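> Below are the structure tokens for one structure; questions will follow.
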Amino acid sequence: MSIGASRQSLGEWLQSEQPASRRQARLGQAWRTWRLFTGNRLGMIGLAIVLLLVLVAIFADVIAPYDPLLGGDLRTMRLLPPSMDHLMGTDDLARDIFSRVVHGARLTLMVVALVAIIATPIGLLVGTVSGYFGGWVDTVLMRVTDIFLAFPRLILALAFVAALGPGIENAIIAIAITSWPPYARLARAETLTIRNAEHIDAIRLQGASSGRIIWGHVVPLCLSSVIIRVTLDMAGIILTAAGLGFLGLGAQPPQPEWGAMIAGGRRFIIDYWWVATMPGIAIFTVSLGFNLLGDGLRDVLDPKAGK
Amino acid sequence: MATALAEGRSRALPAFLGKTVRLLATIAVTILGLLVVTFLIGRVVPVDPVLAVVGDRASQSTYDKAFVELGLDRPLYVQFGLYVEKAVTGDFGQSMLTKKPIIDDIARAFPATLELATVAILIGTLFGIPVGVWAAVRQGKLVDQVVRIVGLMGYSAPIFWLGLLGLLVFYAKWGIVAGPGRIDISYEYAFTPTTGLFLLDTAMQGQWGAFRNVVSHIALPASLLGYFSMAYIARMTRSFMLNELAQEYVVTARVKGVAEWRIIWVHALRNAAVPLVTVVTLSYASLLEGSVLTETVFAWPGLGQYLTNSLQNADMNAVLGGTLLIGIIFVGLNLLSDFLYTVLDPRVRRRA
Amino acid sequence: MKHVKKFVAVALMCTAAALAPVTAKAETPADTLIQAWSIDDVISLDPAEVFEFTASEVLGNAYQGLIGYNVKDVSEIFGVIAEKWEVSADGKTFTFTIRPGMKFASGNPITAEDAVYSLQRAIKLDKSPAFILTQFGFSADNVDAMIRKTGDMTFEFEMDKPYAPTLVLYCLTATVGFIVDSELVKSHEADGDFGYNWLKTNYAGSGAFTIRDWRANEAIVLERNDNYSGEAPPMARAIYRHIPETATQRLLLEQGDIDIARNVGAEEITALSDNPDIVVESGVKGSIYYLGLNQKNENLAKPQVRQAMKYLVDYATIADTIMKGKVIPHQAFLPLGFLGALEDTPFSLNVEKAKELLAEAGLPDGFTVTMDTRNTPEITAMGQAIQQTMAMAGIKMELIPGDGQQTLTKYRARNHDIYIGRWGPDYQDPHTNADTFARNPDNSDDAASKPLAWRNAWDIPEMTLKADAAILEADAAKRAQMYIDLQTEHQQTSPFVIMFQEIEVLARRKNVEGFVVGPSFNDNSFKAVTK
Chain A
1 MSIGASRQSL GEWLQSEQPA SRRQARLGQA WRTWRLFTGN RLGMIGLAIV LLLVLVAIFA
61 DVIAPYDPLL GGDLRTMRLL PPSMDHLMGT DDLARDIFSR VVHGARLTLM VVALVAIIAT
121 PIGLLVGTVS GYFGGWVDTV LMRVTDIFLA FPRLILALAF VAALGPGIEN AIIAIAITSW
181 PPYARLARAE TLTIRNAEHI DAIRLQGASS GRIIWGHVVP LCLSSVIIRV TLDMAGIILT
241 AAGLGFLGLG AQPPQPEWGA MIAGGRRFII DYWWVATMPG IAIFTVSLGF NLLGDGLRDV
301 LDPKAGK
Chain B
308 MATALAEGRS RALPAFLGKT VRLLATIAVT ILGLLVVTFL IGRVVPVDPV LAVVGDRASQ
368 STYDKAFVEL GLDRPLYVQF GLYVEKAVTG DFGQSMLTKK PIIDDIARAF PATLELATVA
428 ILIGTLFGIP VGVWAAVRQG KLVDQVVRIV GLMGYSAPIF WLGLLGLLVF YAKWGIVAGP
488 GRIDISYEYA FTPTTGLFLL DTAMQGQWGA FRNVVSHIAL PASLLGYFSM AYIARMTRSF
548 MLNELAQEYV VTARVKGVAE WRIIWVHALR NAAVPLVTVV TLSYASLLEG SVLTETVFAW
608 PGLGQYLTNS LQNADMNAVL GGTLLIGIIF VGLNLLSDFL YTVLDPRVRR RA
Chain C
660 MKHVKKFVAV ALMCTAAALA PVTAKAETPA DTLIQAWSID DVISLDPAEV FEFTASEVLG
720 NAYQGLIGYN VKDVSEIFGV IAEKWEVSAD GKTFTFTIRP GMKFASGNPI TAEDAVYSLQ
780 RAIKLDKSPA FILTQFGFSA DNVDAMIRKT GDMTFEFEMD KPYAPTLVLY CLTATVGFIV
840 DSELVKSHEA DGDFGYNWLK TNYAGSGAFT IRDWRANEAI VLERNDNYSG EAPPMARAIY
900 RHIPETATQR LLLEQGDIDI ARNVGAEEIT ALSDNPDIVV ESGVKGSIYY LGLNQKNENL
960 AKPQVRQAMK YLVDYATIAD TIMKGKVIPH QAFLPLGFLG ALEDTPFSLN VEKAKELLAE
1020 AGLPDGFTVT MDTRNTPEIT AMGQAIQQTM AMAGIKMELI PGDGQQTLTK YRARNHDIYI
1080 GRWGPDYQDP HTNADTFARN PDNSDDAASK PLAWRNAWDI PEMTLKADAA ILEADAAKRA
1140 QMYIDLQTEH QQTSPFVIMF QEIEVLARRK NVEGFVVGPS FNDNSFKAVT K
């Protein structure tokens, strides 16, 4: 970092017209994007919801007044309507629904994070390798991608879960397996535009191996667009996970996964509406949060699409 | 597929036809890939398919006989080879659960899905396009914001949850729509399901009582699915319209004094319609394949429910057949949208 | 912009018109009985193959067997297609005489030829329920000689051992013993399949109703059989509609779209009992809910641990809350209503006692174990309730959910720790359950038969001999005592935590009367239903 920076205020340094280093330029760019984003009211609401989700997940133990798995007395505490003691009522096993919803935030966050962690590298790898090498490598990889794309996504996920056995881990793997193809396409398209760029040629002439070039120079350039795309998909991931949970193929009881909770409350919906309704509101809120955030990000980063 | 198609978009019609041959080859490879993937999944499912056939209580000799009958004693590649060989001739084998040829099962389940998806896409298009245009015209205004939020809400709500609440309110509490299923039992034998599309069948046979019953059954699930596709179509319409409204010809038309409604609804929308066709076709495809959850909630005897049920019982013949059909539909609709694009796009036509 | 508004308004109006209330209070046709039931277990309509609850009930109303019993008192056995029978002096041969003047729905007369053909056919086809007949020493090779026609209306049934007569007769009341129209079935034979490919979706019986149509996972349609020898059923048609969800069934029932809801959950029972238009009925069924403790697990193999687990289930609370109205506590392997059923329930939730037993077994702090749980709502809820009480004694039980086929596959491979299961008897004789809970002739991994005792790796050569002895005892009172002794021992030592006996519940519109809930599924009858 330049010494001069310490004398300026951080804001000035970030907004400097003549950045002294690449890092300053990049941070400055991020700062300007952030300023633009804060002007987007809906986007900020989305961000707030997502942050709230993260906080609730971290402090679930503190926030939840009851144990999410252990119920109370079956004879007296089943299916109680929402009250001050039980903000969202209790379910058929006398468990506090609010506590379960709060702990469910952890599962939701885990699903989203793990799917992103698994699917992004696969998509990046397939896409960049395919785009960089071209030829038959490209043909084969893209054909495989097409096959995965031609599948109905939920049905493919269903099939994988059926094969692997129900459970939240397997649901995550299944969703990740069905999520990567669009990222691969995106990364491939990006790679095609930069593979013959001069600086890549220069590195190649210096004798760098293909692996090194892809990992060190192509991937970083594709990363940002893929990450934006992943963020946009997150609401979809949450809904798919909940759908699997609802069909009994995702997280399994007694885990407080929201989709599975709706499935569990479905039997009681007529007389005890809160059992299925409360976790549904949670799913709706969180995925709306991700959608608003993604929408705001798109507006800021890709002005063409939004306006 | 998508790239192959996207690449095709800018070409002229003859080139498009030439490309079709290559595309067909691609489709064949893709479908074979689909088959391999489902087949392998089917073989690693930790479910004993023999059990699904003979049940838990059967004696060992019964079990062994069924094992051989299902061809499970042969090597995997032989099983797969036999399957593909038969599939080519349209024989997907017999469902282990229903004991009927897969093709018959699918022929019965598919119209239910088709009917639901078609009504839904009609709702989605009829509402989505005008709403999208309206939002584009009033860009940044309240209407635009409302459309945007309503759309995002559509993207965010779990459909199975909305379905449950919808049934609770509209059916159980208010009684203004019919319940789960396609038709009331009392009407079930009032007509012959020639096409399997009950709306069409009842109307053609003049069974208006049954027709109204079918409408009342399909209204809720189709509206829900329609809402979801409306959200998408409206959003895309808005975006295409904004693009068109910024074009020079719009300015020219305004200068010439063409009425504003004409500019919007005739000039701009006609041009926006070209990419919109793709959007509508693709969301139709996703409705056809993606209504598994809706079908579950509404006890709709369609393809999604058939597939889920078969999967859970390791009825792999049924799963393979169903998946193949969905794959073909998906590929086919992709092709169709590409074709429509080529035909409709004035620029492509001009060059041809 | 006006146009947009107009367009939207028109579109809204169209939708509103489509959504307008068209469901005036529904009513089912007066001569048709409509039931909602989960019928996805039906895989065949062939008596030689049917073994599932739904199909058994359908066949019970559409076919007739040689023998029947009073559903109120199963010890009262009478002939149906058989007019009478005699047992030879050595106890090995039954001679049946067919009741004269009876006809199949097709109009063909019922003769000894049909009875012999039906029994031989079931044995030769060797489908799932065939063991009910083959356990008497029949096989495809010998059955032509052992079950033989001796006259137009008489035939002999010769077994390898002198089995208890009631055992034989009860087995003949099972659906696998139902008599098919041999002439009709033979006309549909192809490649020596005994008409199997035809009959699995068609009908060749003589019961009160004929099966007109079966659409998998959709509906089963039955129609009155005009050639039925008994009293003609009041209903011209009976339809089962596949509705998997209990809540949906309840809605349909309340709206009057169906006459009877057959799957009713504990919550629906409570809710529906307040409805003046609806009556909830129930009957005790033979199914038993139990935990199977795999003896391959070294902790579960300790006798004190097995005993401790029996004290760690809150039988009464589960039966009163999550399974209210659906089960009664029951702790012996023979269900109530069976010959020799043991009614004692010595176990109740007793955490202290369980802890003592665990300490005795050298596990004072408990242990960790898994339980394979079928992902149906009721089994899951019970599993979670049991999980909670086990935790009180330090047993950390993890639930491994799976669908029916998955958990079953694992159970049959003996790869589980604990399995929570439901077992329904195959016929009305006590041997059906003794055979599976208290017999394990070969405990090796590749054993030919896989009774529940085998699945839990419980090696019991002595108890197996006792169970074998009971099937040869002709004196009913002595036999009953043998089963009581067997259960008393079993209750204390077995690796089975037997918890509940199932109650079948149905909810009907008030005007729909006459449905009989019998002890087994093929006894459920709507022959006499009026509305």
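Chains as they are written, first to last, in this note's numbering: chain A, 1 to 307; chain B, 308 to 659; chain C, 660 to 1190.
Cβ atoms here follow ideal geometry from the backbone N, Cα and C, with glycine treated the same way.
Since the structure is predicted, the reported quantities are computational estimates derived from the model, not experimental observations.
Are the C-beta atoms of residue 681 of chain C and some chain A residue less than 9 Å apart?
Here residue 681 of chain C scores only 42 on pLDDT, less than 50, and its place in the model is too uncertain to base an answer on.
> Using a Cβ-Cβ cut-off of 9 Å, state whether residue 548 of chain B counts as contacting chain C.
No, no contact with chain C.
> If you count every other CB in all the chains shown that lies within 10 Å of the CB of residue 708 of chain C, and 16 or more means buried, which is it?
buried
> Determine the direct distance from the alpha carbon of residue 690 of chain C to that of residue 1169 of chain C, and round the result to whole angstroms.
Roughly 16 Å between the two C-alpha positions.
> Have a look at residue 1107 of chain C and residue 327 of chain B and give me their C-alpha separation to the nearest angstrom.
57 Å
> Helix, strand or coil for residue 672 of chain C, going by three-state DSSP, please let me know.
Low per-residue confidence applies at residue 672 of chain C: pLDDT is 44, beneath 50, and the placement is therefore not dependable, though the value from the model is reported in the following sentence. Of the three classes helix, strand and coil, the one that applies to residue 672 of chain C here is helix, per DSSP.
> Going along the chain, which residues of the segment 1088-1116 of chain C sit with their C-beta nearer than 7 Å to a C-beta in chain B?
From the segment 1088-1116 of chain C, only 1107, 1108 have a Cβ closer than 7 Å to chain B.
> Pick out whichever of C:1034, C:990, C:696, C:742 has its Cα sitting closest to the Cα of residue 165 of chain A.
C:1034
> Tell me whether residue 84 of chain A is buried or exposed, calling it buried when 16 or more other Cβ atoms sit within 10 Å of its Cβ.
exposed
> Counting Cβ pairs, one atom from each stretch, are 3 or more of them under 8 Å apart for the segment 1083-1093 of chain C and the segment 934-949 of chain C?
Under the three-pair Cβ rule at 8 Å, the segment 1083-1093 of chain C counts as touching the segment 934-949 of chain C.
> If we define contact as Cβ-Cβ less than 9 Å, is residue 832 of chain C a contact residue for chain B?
no
> Which chain A residues sit within Cβ distance under 8 Å of residue 348 of chain B?
159, 160, 162, 163
> Could you pull out every residue in the same chain whose Cβ sits closer than 7 Å to the Cβ of residue 201 of chain A, ignoring the five residues on either side in sequence?
none
> Would a check of beta-carbon distances place residue 1204 of chain C closer than 9 Å to chain A?
Because chain C is modelled from 660 through 1190, residue 1204 of chain C falls outside the range shown and cannot be assessed.
> Whole angstroms is fine: what's the gap from residue 90 of chain A's alpha carbon to residue 896 of chain C's?
44 Å
> Does DSSP put residue 1121 of chain C in a helix, in a strand, or in coil?
helix
> Taking three-plus beta-carbon pairs below 8 Å as touching, is the segment 157-176 of chain A in contact with the segment 192-209 of chain A?
In short, these stretches do not touch, since the Cβ pair count stays below three.
> Let me know the secondary structure DSSP gives residue 1158 of chain C once reduced to three states.
In this structure, residue 1158 of chain C counts as strand in the three-state DSSP scheme.
> Go to residue 215 of chain A, then tell me how far its alpha helix (DSSP H) extends in each direction, as first and last residue.
It is not in any alpha helix (DSSP H) - residue 215 of chain A carries neither H nor E in the DSSP assignment.
> Starting from residue 461 of chain B, follow the alpha helix (DSSP H) in both directions and report where the run begins and ends.
449-463
> Assign residue 684 of chain C to one of three DSSP states: helix, strand, or coil.
For residue 684 of chain C, the predicted structure reports a pLDDT of 48, less than 50, and the residue's modelled location is therefore unreliable. The matter cannot be settled from this model.
> Taking 9 Å as the cut-off, decide whether the C-beta atoms of residue 132 of chain A and residue 191 of chain A are in contact.
yes
> Any contact between the segment 67-78 of chain A and the segment 93-105 of chain A? By contact I mean 3 or more CB pairs, one from each, below 8 Å.
yes
> What's the gap between the Cα of residue 257 of chain A and the Cα of residue 699 of chain C?
27 Å
> Spatial neighbours of residue 461 of chain B within its chain, please: CB distance less than 6 Å, with the 5 preceding and 5 following residues excluded, ordered by chain position.
534, 535, 538
> Comparing C-alpha positions only, which one of C:717, C:1060, C:761, C:1126 sits nearest to residue 1043 of chain C?
C:1060
> With 16 as the cutoff for other CB atoms within 10 Å, does residue 380 of chain B come out buried or exposed?
exposed
> Check residue 309 of chain B in the structure and name its three-state DSSP category.
The predicted position of residue 309 of chain B is uncertain, since its pLDDT is 40 and thus under 50; a value taken from the coordinates is nonetheless stated next. The answer is helix: DSSP assigns residue 309 of chain B an H, G or I state.
> Does residue 554 of chain B pass the burial test, meaning 16 or more other C-beta atoms within 10 Å, or should it be called exposed?
Looking at its Cβ environment, which holds fewer than 16 other Cβ atoms inside 10 Å, residue 554 of chain B is exposed.
> What does the alpha-carbon distance come out to for the pair residue 933 of chain C and residue 479 of chain B?
16 Å
> For residue 1054 of chain C, is the classification buried or exposed, using 16 other Cβ atoms within 10 angstroms of its Cβ as the cut-off for buried?
buried
> Within 9 Å of any Cβ in chain A, is that where the Cβ of residue 619 of chain B sits?
yes
> Nearest chain C C-beta to residue 608 of chain B closer than 9 Å, yes or no?
So, interface residue.
> In chain order, what residues of the same chain lie with their CB nearer than 7 Å to the CB of residue 832 of chain C, ignoring the 5 residues before and after it?
724, 726, 727, 728, 1086, 1087
> Check whether the Cβ of residue 623 of chain B lies closer than 9 Å to any Cβ atom in chain C.
no
> Check the C-beta distance from residue 693 of chain C over to residue 838 of chain C and give it rounded, since I have them as a contact under 8 Å.
Contact doesn't hold; Cβ gap of about 29 Å is too wide.
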